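All remarks here apply to the structure that follows.
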Amino acid sequence: MKKNIRFIVNPIAGGIKKKNLPELIEAYLDKDKFQYSIVYTERVGHATQLANDAVNKNVDIIVAVGGDGSINEIAKAIVNCEIVLAIIPLGSGNALAHHLKLPVKNIKKAIGVINSGKQIQIDTLSSNNGEVVCFAGIGLEAIAARTYRHLRSRGLLAYVWAAILSIFFKYKPQKVEFEIDGHLREEEVYMFTVYNARFLGYKIAKVEQVSLVDGLMHMVIIKTFAMWKLPWIAILELTGKIHLAQEAEIIAAKKLKIHLPKKAQAQLDGDSFITSSAFEIQVNALSLNLIVPSTTENY
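Numbers given in my numbering equal positions in the sequence shown, counted from 1, plus 538.
So, in structure tokens, the structure goes:
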């Protein structure tokens, strides 16, 4: 029997036009294996509704056509169920795609992965503010994500500009109380990032030891530092060498609780929000079925 696939398309993800997408799907999807339908998101959160509808209609595979935000919205509907997620990575950062060595911004090759790839299971993170597939955090990175969302342009240069605006005009380090696997600590932090995937996007801020299948999340805590060290910290962060900074600490754990001040800014998979409650997050091991290239081995 043919498997039923639904493509959920974010038409504005990554600033990439997708007018020829239906023609490419028709031309390159293996129709001996699959029958398909295509739907388009119209607003933030709509992908979750469309994915829920696909679950109710017994769709076998949902294809996220977009970026990490689109993947997050769809994952909310299919975590801990049998439906399989495939990805055509057309977003800005594409953190999960880079981790799994999926073809980024190449629709034809991404469809080829759907045709001949293999199915695996990966960890996700469950929080009291929603599911996390790639990363979450508070501090500078959360404010930069919020600033980026309101910019007209997209891409790495736009994100760098959002970070610059945040560093010099919008952010001050904050003292945070947090519990890691039940152990209470307090630190004044510049950034506090939780990794499930290996990158924050654009193949930057890599943390080599992060795995999607080890039942752990990795936290990168950058403590307050003198501003003259900022260029050095930024270089280490961008090049995946942050472990070399004296002010940085990398911790693997299964459960985290951060006690936030009122109206604190946080982000989940690049989607920023304001919260005044404790931010709780824990590993949901091997909870998402995913199609990856058959040659990918290091998850």
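We put the beta carbon where it would ideally sit given N, CA and C, even for glycine.
This one's a predicted model, so the numbers in the text were calculated from it and none came from an experiment.
Shown here, Met765 sits in a helix according to DSSP, grouped into three states. Rounded to the nearest whole angstrom, the CA to CA distance from Ile742 to Ala633 is 9 Å. Distance from the CA of Ile600 to the CA of Cys672, rounded to the nearest whole angstrom, comes to 18 Å. Of the residues assessed, Leu798 falls on the buried side of the cut-off, its CB having 16 or more other CB atoms within 10 angstroms. Sixteen is the threshold: when 16 or more other Cβ atoms of the shown chains lie within 10 Å of the Cβ of Pro627, as they do, the residue is buried. Ile788 and Gly808 have their C-alpha atoms some 20 Å from each other.
One thing to note: Gly604 has its Cβ within 7 Å of the Cβ of Asn548. In this structure His637 is buried. Its beta-carbon is surrounded by 16 or more other beta-carbon atoms within 10 angstroms.
Inter-segment contact for the region 571 to 586 and the region 768 to 781 is absent: fewer than three beta-carbon pairs are separated by less than 8 Å. In the three-state reduction of the DSSP assignment, Leu663 falls in the strand class, which pools E and B. Annotation for Lys540: Lys571, Phe572 and Gln573 place their beta carbon closer than 7 Å to its own, counting only its chain and skipping 5 residues before and after. Excluding residues up to 5 positions away in sequence, Asn610, Thr662, Leu663, Ser664, Val732, Asn734, Leu806, Asp807 and Ile819 lie with their Cβ nearer than 8 Å to the Cβ of Val670 in the same chain.
Comparing C-alpha distances from Ala624 to each of Leu774, Ala648 and Asn667 shows the shortest one belongs to Ala648. In the DSSP assignment, Pro560 falls within the unbroken alpha helix (DSSP H) covering Leu559 to Tyr566. Separation of Glu715 and Ser825 (C-alpha to C-alpha, rounded to the nearest whole angstrom) is 29 Å. Cβ-Cβ distances below 6 Å link Val651 to Pro831 in the same chain, with the five nearest sequence neighbours on each side left out; the list follows chain order. Annotation for Val651: the continuous alpha helix (DSSP H) segment containing it runs Ile645 to Ser654.
Going by DSSP, Ile612 is part of the alpha helix (DSSP H) stretching over Asp606 to Ile616.
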